[in-house]
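Working notes, structure below.
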Amino acid sequence: MEHRWSVREPHQCSVIVDCPRSGLAAAQLRNIGIGGMFVETDQVDLPLNALISVAFTLGRDDN
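So that you can map any letter, position 39 of the sequence shown is 39 in the UniProt record's numbering, and since no number is skipped, the others follow by simple counting.
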């Protein structure tokens, strides 16, 4: 059972993760909220609750 204090919304996009212990890695954002996000990567194992930097591009929604 998960115990979060904020809601996370499903969202998928490509991101770049920078972790001091693991370096740069391409990853996929799966969900995001004010309290955190779930990022999935096949390239590296990110330490649980690690402080990371995430870079992504916000797209324009024409709808």
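Just so you know, even glycine gets a beta-carbon here, dropped at the ideal spot from N, CA and C. Since we're looking at a predicted model, the values are computed, not measured.
What's the gap between the Cα of residue i and the Cα of residue j?
i, j, result
"residue 42", "residue 27", "7 angstroms"
"residue 25", "residue 8", "23 angstroms"
"residue 36", "residue 59", "20 angstroms"
"residue 21", "residue 49", "13 angstroms"
"residue 33", "residue 6", "7 angstroms"
"residue 38", "residue 23", "18 angstroms"
Give the C-beta separation of residue i and residue j to the nearest angstrom, bearing in mind that I take them to be a contact with Cβ-Cβ under 8 angstroms.
i, j, result
"residue 11", "residue 31", "6 angstroms"
Apart from the five residues just before and just after residue i, which ones in its own chain have a Cβ nearer than 8 angstroms to its Cβ?
i, result
"residue 14", "26, 27, 28, 29, 56"
Between residue i and the rest of its own chain, which residues show a CB-CB distance below 7 angstroms, the 5 nearest in sequence each way excluded?
i, result
"residue 53", "18"
"residue 40", "27, 28, 30"
Whole runs of the beta strand (DSSP E) within the stretch 26-55, excluding any shorter than 3 residues: 36-40, 53-55
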